[in-house]
Amino acid sequence: MTKLRKTNYHTHTMRCNHAVGLDEDYVKSALRAGYTELGFSEHGPWNYASGYVSHMRLSPESTDEYLQSIRALAQKYKDGITIKIGLESEYFPEHMSWLRELVAQKQIDYVLFGNHFYPDDETGPYYGNGTTNVAMLRSYHDSALKGMQDPLYAYFAHPDLFMRSYPKFDENARSVSRSICQAAKQLGVLLEYNLAGALYNHENGVECYPHRSFWEIAAEEGCTAILGVDAHDNDHIEDETYREEGLALLKELGIPVTDTISFLTDADLHK
Ligand SMILES: [Zn+2]
Ligand SMILES: [Zn+2]
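Add 23 to the 1-based position in the sequence shown for this note's numbering, that's all there is to it.
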């Protein structure tokens, strides 16, 4: 196996109101940590019909400033690192054509699928703390499958997010994980091994996500993984602990790991 390049496509900025560090600090951290490619994936905006304002993501109005800032950094640091610009977005069925249009118009390189809410965050609970029963687990599963079927997304971020609130890895969690992993394999969707989750597990002495049992199923189903820092603090990019630990687990389970995603072309956006 050729050596893995150090890449990370899951990076936030202060614009989501729950991250710290200047955009440039993230780039400097990536350079210090030896990354060759860094992708920013701020929580993507949505066009709520009601005028609802989400405080954990870009607004449609702040999107241009985000793009300008990251593109300026890409230019400034082009000799040291490749910088890509993306979004981390949910699958909100009513709003997908709006998102597609935004991505095409603004020439965004890629979109990560973060299955945080469904059918949107105005009406649906956050799966990270709301997956406390089987009905919500089913809802997580169903929206995960819908999102995975959409070729807009570069990969499925923290596919085992439900384990942040689902009480234990029981038979239901097992069957949902099996179904998600089978779909990922069949559709060729990469599954992200999320390093922010690993940090959360460590800090809280718990096993939420990444959850070993989920990844054992991913191994059995022949899935491919990609590491994502999910940085909400530029220091997270420089922390090797969870990256090394994750690579060791994936190796132990025999899960192939890629360092590469596909970037969107105009043709993808008109599918
Ligand atoms: Zn976030
Ligand atoms: Zn994220």
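Here a beta-carbon is modelled for each residue, glycine too, at the ideal position from N, C-alpha and C.
So, is residue i buried or exposed, given that buried needs 16 or more other C-beta atoms within 10 angstroms?
i: residue 62; result: buried
i: residue 189; result: buried
i: residue 126; result: buried
i: residue 224; result: buried
i: residue 75; result: exposed
i: residue 285; result: exposed
i: residue 187; result: buried
i: residue 70; result: exposed
i: residue 41; result: exposed
i: residue 227; result: exposed
i: residue 116; result: exposed
i: residue 166; result: buried
i: residue 293; result: exposed
i: residue 199; result: buried
i: residue 144; result: buried
i: residue 155; result: exposed
i: residue 273; result: buried
i: residue 83; result: exposed
i: residue 244; result: buried
i: residue 215; result: buried
i: residue 112; result: buried
i: residue 241; result: buried
i: residue 137; result: buried
i: residue 86; result: buried
i: residue 36; result: buried
i: residue 73; result: exposed
Got a sec? Which residues, its chain only, sit under 7 Å from residue i by beta carbon, not counting five neighbours each side?
i: residue 47; result: 96
i: residue 34; result: 49, 61, 62, 63, 64, 252 and 254
i: residue 268; result: 221
i: residue 27; result: 280 and 282
i: residue 217; result: 180, 181, 232, 233, 251 and 253
i: residue 230; result: 224
Identify, in the order they occur along the chain, each residue of the same chain with its Cβ nearer than 6 Å to the Cβ of residue i, setting aside the five sequence neighbours on each side.
i: residue 52; result: 257, 260 and 261
i: residue 279; result: 247
i: residue 78; result: 40
i: residue 107; result: 62 and 132
i: residue 219; result: 253
i: residue 237; result: 183 and 200
What whole-angstrom Cβ distance do residue i and residue j have, given they're in contact under 8 Å?
i: residue 296; j: residue 109; result: Outside the displayed range of the chain (24 to 294) lies residue 296, so it cannot be described from this structure.
i: residue 151; j: residue 114; result: About 16 Å; that fails the 8 Å criterion.
i: residue 59; j: residue 101; result: Wrong, their Cβ atoms sit about 12 Å apart, outside the cutoff.
i: residue 164; j: residue 192; result: Residue 164 to residue 192, Cβ: 14 Å. No contact.
i: residue 213; j: residue 265; result: That belief does not hold up - the Cβ atoms of residue 213 and residue 265 are roughly 18 Å apart, past 8 Å.
Does residue i have its Cβ less than 7 Å from a Cβ in chain B?
i: residue 224; result: No chain B is present in this structure, which holds just one protein chain.
Skipping 5 residues on each side, what residues in its chain have a beta carbon closer than 8 Å to that of residue i?
i: residue 157; result: 195
i: residue 81; result: 38, 39, 65, 66, 67, 68, 89 and 110
i: residue 56; result: 29, 260, 261 and 263
i: residue 149; result: 139 and 140
i: residue 54; result: 100, 103 and 104
i: residue 289; result: 127
i: residue 31; result: 53, 58, 60, 61, 62, 250, 251, 252, 254 and 260
i: residue 160; result: 154, 185, 189, 195, 196 and 199
(request) Determine, using beta-carbon pairs with one atom in the region 118-130 and one in the region 94-104, whether at least three such pairs fall under 8 Å. (result) no
(message) Tell me which residues pass a beta-carbon proximity test against ligand 2: closer than 5 Å to any heavy atom, given in chain order.
(response) 111 and 253
(message) With a threshold of 8 Å, are at least 3 pairs of Cβ atoms found where one atom belongs to the region 165-182 and the other to the region 206-220?
(response) yes
(request) Starting from the N-terminal end, write out each residue whose C-beta falls within a distance shorter than 6 Å of any non-hydrogen atom of ligand 1. (result) 35, 39, 41, 66 and 255
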